[in-house]
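The structure appears below as C-alpha cells.
Number of protein chains: 2
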Amino acid sequence: MESKASAKTITGTLDDGLESLDLPAIWAQVRRQVRPTTFIESARLDRSLGHDIRLLLVSETFQETGSFKLRAALAAALHSEASHLLTASSGNFGAGLARAAALTGKQCTVVMPHRSAGIKIESVREEGARVDLIDTDQTSRADRVAELTRQIQGVEVVSPYNDPRVIAGNGSLGDEIFEREVPDAIVTPVGGGGLSSGLVTARDRMAPATTVVGAEPALANDAARSLRAGELLSCERESNTLCDGARTLSLGKLNFQILRTGLAEIVEVQETWVADTVRWLFDRANLLVEPTGALALAAVRQRPESFAGQRVACIVSGGNVDPSSYARLLSETASRE
Amino acid sequence: MESKASAKTITGTLDDGLESLDLPAIWAQVRRQVRPTTFIESARLDRSLGHDIRLLLVSETFQETGSFKLRAALAAALHSEASHLLTASSGNFGAGLARAAALTGKQCTVVMPHRSAGIKIESVREEGARVDLIDTDQTSRADRVAELTRQIQGVEVVSPYNDPRVIAGNGSLGDEIFEREVPDAIVTPVGGGGLSSGLVTARDRMAPATTVVGAEPALANDAARSLRAGELLSCERESNTLCDGARTLSLGKLNFQILRTGLAEIVEVQETWVADTVRWLFDRANLLVEPTGALALAAVRQRPESFAGQRVACIVSGGNVDPSSYARLLSETASRE
Chain Y
1 MESKASAKTI
11 TGTLDDGLES
21 LDLPAIWAQV
31 RRQVRPTTFI
41 ESARLDRSLG
51 HDIRLLLVSE
61 TFQETGSFKL
71 RAALAAALHS
81 EASHLLTASS
91 GNFGAGLARA
101 AALTGKQCTV
111 VMPHRSAGIK
121 IESVREEGAR
131 VDLIDTDQTS
141 RADRVAELTR
151 QIQGVEVVSP
161 YNDPRVIAGN
171 GSLGDEIFER
181 EVPDAIVTPV
191 GGGGLSSGLV
201 TARDRMAPAT
211 TVVGAEPALA
221 NDAARSLRAG
231 ELLSCERESN
241 TLCDGARTLS
251 LGKLNFQILR
261 TGLAEIVEVQ
271 ETWVADTVRW
281 LFDRANLLVE
291 PTGALALAAV
301 RQRPESFAGQ
311 RVACIVSGGN
321 VDPSSYARLL
331 SETASRE
Chain F
338 MESKASAKTI
348 TGTLDDGLES
358 LDLPAIWAQV
368 RRQVRPTTFI
378 ESARLDRSLG
388 HDIRLLLVSE
398 TFQETGSFKL
408 RAALAAALHS
418 EASHLLTASS
428 GNFGAGLARA
438 AALTGKQCTV
448 VMPHRSAGIK
458 IESVREEGAR
468 VDLIDTDQTS
478 RADRVAELTR
488 QIQGVEVVSP
498 YNDPRVIAGN
508 GSLGDEIFER
518 EVPDAIVTPV
528 GGGGLSSGLV
538 TARDRMAPAT
548 TVVGAEPALA
558 NDAARSLRAG
568 ELLSCERESN
578 TLCDGARTLS
588 LGKLNFQILR
598 TGLAEIVEVQ
608 ETWVADTVRW
618 LFDRANLLVE
628 PTGALALAAV
638 RQRPESFAGQ
648 RVACIVSGGN
658 VDPSSYARLL
668 SETASRE
C-alpha cells in the first residue's frame with residue numbers, strides 16, 4: 001500500500017518542522033503498520049439523511065487500539081530518537097502510543113488519572129507500557145510529566161496533537177480516502193486539531209477541490225471561536241461535553257496555523273445531536289461509536305442543507321466507549337428520521 | 338470479483354436441485370451485488386482468547402440489511418421466474434428478501450407478527466416491500482402464507498434456509514474467506530442450516546482441509562441432536578434462546594443432508610457464553626453484534642482447547658439487535674478474560 005501522492009514539499013510558512021517531513025513517505029510508512037480504515041456506505045443511510053447527500057463513513061473504530069490515534073503515535077515513534085516515550089492521556093492517544101512503542105521496540109510510560117476506567121488502564125498495560133497513575137486532586141498531569149522527564153533517561157514527551165509527526169501520521173487517513181475517491185467534502189472532529197490538520201495537509205496535496213469541514217462540540221468551541229477571531233483562543237476550563245476526545249482547552253499552535261486557512265468552516269454541534277447520532281449509527285449502520293466518533297456525522301445531520309447534493313466523507317474517529325455510558329445513550333435517545 | 342473456484346459439480350446424492358446449480362457462478366453473481374464482508378483480527382483479541390488461537394472475525398454486520406441473509410435472498414431472487422416473492426420472517430431474512438427484490442425488480446411481501454419491532458417493520462418497508470402484519474394469536478404464519486399464495490398471482494414462497502439457491506447464495510461468504518486465506522477451521526452459527534450448508538459446499542470445493550464447526554444454542558439443540566441420532570429431529574416448541582436467529586424448530590431437509598457429513602461437530606453453546614461474548618466483542622473489538630452474531634465466537638470461547646493453535650475464522654452473522662435488549666446485555670454482563 002504505497003502512497004500514490006508525489007513527494008512535493010508543503011508550501012506556506014509553517015515554523016514547526018512540518019515542512020521538513022516527507023509526508024507521502026510517512027503516510028506509506030504508517031499505512032504499512034496500521035489496519036486499513038473501514039468504509040461504509042448504503043442507500044439506506046442516504047435515504048435517512050435526505051438532501052441528496054451521499055454519505056461515506058470512514059470508520060477508525062476497528063483500527064488497532066480502537067481509534068485513529070495509532071496513526072499519529074506510530075509516526076511519532078518511528079521518527080523519534082528516544083528509547084522511551086512518555087505522554088499523559090486517559091484515552092485513545094495513550095493506548096495508541098503504547099502500541100506504537102511496542103511496534104517500534106521502545107519503552108513507554110502513560111500518565112493516567114487514577115480514576116480512569118479499568119479497561120482503559122488494562123489496554124495500555126496489555127501493550128507492555130507502564131501506567132503511571134496519579135491522583136489528579138493532588139498532582140497535575142503536567143507536573144507529573146515534568147517530574148518523569150527528569151527521572152527517565154532518554155525519554156521524549158509526545159503531544160497527542162501539537163507535533164508535526166502527529167499531523168503527518170494522521171494524514172495517512174486522508175491518503176487512504178483520496179486513494180479510494182475524491183469526495184466533495186470531508187467532515188472531521190476537531191479537538192486539539194491533530195486529525196483535522198492531517199486531513200488538510202493530505203487534501204492540499206491530493207485533492208485540492210475537496211473542502212474539509214470541522215465538527216466541534218458547541219460546549220467546547222475554542223477552535224470555532226479561534227477561527228472567527230483570527231487568533232488562537234482557549235476554553236477557560238475543561239468542558240463536560242459528551243465528546244471526551246474534544247475536551248482539549250485549545251488547538252495546538254501548529255494546528256491553528258494549518259486550520260485557520262485550511263478548514264472551510266467549523267460546525268458547532270449541539271450535544272443532543274451527538275447523542276442522537278450515536279443512536280442513529282446503532283440503528284441504521286450497526287456501528288458502535290464513542291461520542292467523539294459521532295461528532296462529524298452529527299454536524300452533517302444538524303446542518304444537512306450545507307451538504308445538499310454532495311458526496312460527504314464523515315470521519316468516525318473511534319469506538320472506545322465504556323459500556324454503561326453507551327447503554328445510557330441508547331436508553332435515553334429515541335431514534336428519529 | 339470473480340470467483341477463483343473451478344466449476345466442477347458437487348458430489349453426493351442431493352435430491353433438491355443443488356447439484357444442478359453452478360455454485361461458483363452464483364457466488365460471483367451474488368458478490369457483485371453485496372458488500373464485501375469485513376475481516377477483523379488483532380493481537381489483542383488473540384491474547385484475550387489464549388490457547389494460541391489466531392482469530393479471524395468475518396463480520397456480516399455491515400452487509401446491506403445488517404446480516405448475511407441478503408446473500409441467500411439475492412441468489413433466490415436472481416434465480417426465480419416469479420414476479421413476486423413472499424416469505425414469513427420477523428427478522429433478517431425478511432429485510433434481505435425485500436432488498437433482493439428491489440435489486441432484481443420484483444415485488445415482495447413479508448408476513449410479520451404484528452408485535453415485531455417498529456424498526457424491523459420500517460426497514461422492510463424502506464426497501465419498497467409490502468409488510469403483511471398478522472396477529473399470531475389468531476393466525477399462524479404458515480396459514481397466512483398459504484392464503485397469500487392463493488391470492489397473489491405469480492408469487493413464489495421463498496424459504497429462508499431450505500432452498501438450494503439459499504445455500505448457494507450463502508456459499509459466497511465461503512468464497513470470500515477462501516479467496517483471502519485457508520483457515521484451519523470455520524465456526525458458524527446453525528439455525529435452519531442455510532449458512533452452514535453454504536459454507537460446507539464452498540469448503541468442499543475450495544479448501545477441503547478446513548473443518549467447518551457449527552455453533553448452536555444449547556437451548557435449541559435440534560441440529561446437534563440430529564447429527565448424533567443420524568436422523569432429522571425437531572425441537573417441540575420455539576426456544577427462548579437469546580439467539581433469535583437460531584430458534585428454528587429443525588434443520589431444512591436439504592441442509593441436514595449436507596451437514597450430517599459436512600460438519601466436524603456442533604458445539605452446544607450456553608446462553609451465558611452468548612451474552613458474555615456480545616460484551617466481549619463490545620469491549621475488545623468495538624463490534625456491535627446481535628446475540629446470534631456472537632454464537633460462533635461464543636462456541637470458541639466456551640471450548641477454546643478444541644481450537645488450540647489453530648487459525649479460526651468465526652462468522653459474525655449479523656448486527657440487528659434492538660437497543661433496549663443490547664443495553665440490557667451490556668449492563669448485565671461483566672467483562673472477563
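Residue numbers (our numbering), protein chains in the order written: chain Y, 1 to 337; chain F, 338 to 674.
Cβ coordinates follow ideal geometry from the N, Cα and C atoms, glycine included.
Inter-residue spacing [alpha-carbon to alpha-carbon] between residue i and residue j
i        : j        : result
Y/ARG228 : Y/GLY198 : 21 Å
F/ARG665 : Y/ALA298 : 25 Å
Y/LEU148 : Y/LEU232 : 29 Å
Y/ASP283 : F/PRO660 : 8 Å
F/LEU355 : F/ALA560 : 21 Å
Y/TYR326 : Y/MET112 : 22 Å
F/THR350 : Y/ALA73  : A caution first: F/THR350 carries a pLDDT of 42, below 50, which makes its placement in the model too unreliable to give a value.
Y/ILE315 : Y/ASP52  : 19 Å
F/THR548 : F/THR525 : 11 Å
F/VAL519 : F/CYS580 : 28 Å
Y/GLU126 : Y/PHE68  : 19 Å
F/ARG616 : Y/ARG32  : 30 Å
Y/ASN162 : Y/GLY262 : 16 Å
F/PHE376 : F/GLN488 : 44 Å
F/ARG584 : Y/SER83  : 56 Å
F/ILE514 : F/ARG540 : 10 Å
Y/ILE186 : F/GLY528 : 42 Å
F/GLU642 : F/ASP613 : 18 Å
Y/THR37  : Y/SER59  : 6 Å
Y/ALA43  : F/SER533 : 29 Å
F/GLN639 : F/GLN607 : 8 Å
Y/GLY318 : Y/GLY66  : 6 Å
F/LEU667 : Y/THR292 : 20 Å
Residue i classed as buried or exposed, judged by whether at least 16 other C-beta atoms fall within 10 angstroms
i        : result
F/PRO497 : buried
Y/ASN221 : buried
F/ARG673 : Its pLDDT being 42, under 50, F/ARG673 is placed unreliably in this model, and the coordinates cannot settle the point.
F/SER427 : buried
Y/SER20  : exposed
Y/GLU290 : buried
Y/PRO24  : buried
F/SER477 : exposed
F/ASN592 : buried
F/THR398 : buried
F/THR609 : exposed
F/LYS590 : exposed
F/GLY491 : exposed
One or two residues paired with residue i in a DSSP bridge
i        : result
Y/VAL131 : Y/VAL110
F/ALA425 : F/VAL448
F/THR548 : F/ALA522
F/PHE644 : Note: F/PHE644 sits in no beta bridge, so no partner.
Y/SER123 : Its beta-bridge partners do not exist; DSSP assigns none.
F/SER404 : F/GLY655
Y/ARG54  : Y/ARG311
Y/VAL157 : Y/LEU86
Proximal residues of chain F, C-beta to C-beta of residue i below 7 Å
i        : result
Y/ALA327 : ALA664, LEU667 and SER668
Y/GLU126 : ARG381 and ARG384
Y/ILE26  : Residues of chain F passing the Cβ test: none, with the nearest at roughly 23 Å.
Amino acids of chain Y, ordered along the chain, whose beta-carbon sits closer than 7 Å to that of residue i
i        : result
F/SER379 : GLU64
F/ILE652 : None at all; the shortest Cβ gap to chain Y is about 15 Å.
Cβ pair residue i, residue j closer than 8 Å
i        : j        : result
F/ALA412 : F/VAL367 : yes
Y/VAL131 : Y/VAL145 : no
Y/ALA95  : Y/VAL124 : yes
F/ARG648 : F/ASP512 : no
F/VAL611 : F/LEU632 : yes
F/ALA435 : F/ALA414 : no
Y/THR363 : Y/LEU219 : For residue 363 of chain Y there is no data in the structure shown, the boundaries of chain Y being 1 and 337.
F/GLY455 : F/ILE363 : no
Chain-ordered neighbours of residue i on chain F, where CB pairs are closer than 8 Å
i        : result
Y/LEU287 : PHE399 and LEU625
Residues that residue i contacts on chain Y, provided the C-beta gap is smaller than 8 Å
i        : result
F/PHE619 : LEU288, PRO323 and TYR326
F/THR375 : THR38 and PHE62
Closer than 9 Å at the beta carbon, the chain F residues around residue i
i        : result
Y/ASN320 : ASN623
Partners in chain Y for residue i, counting only beta-carbon separations shorter than 9 Å
i        : result
F/ARG616 : PRO323
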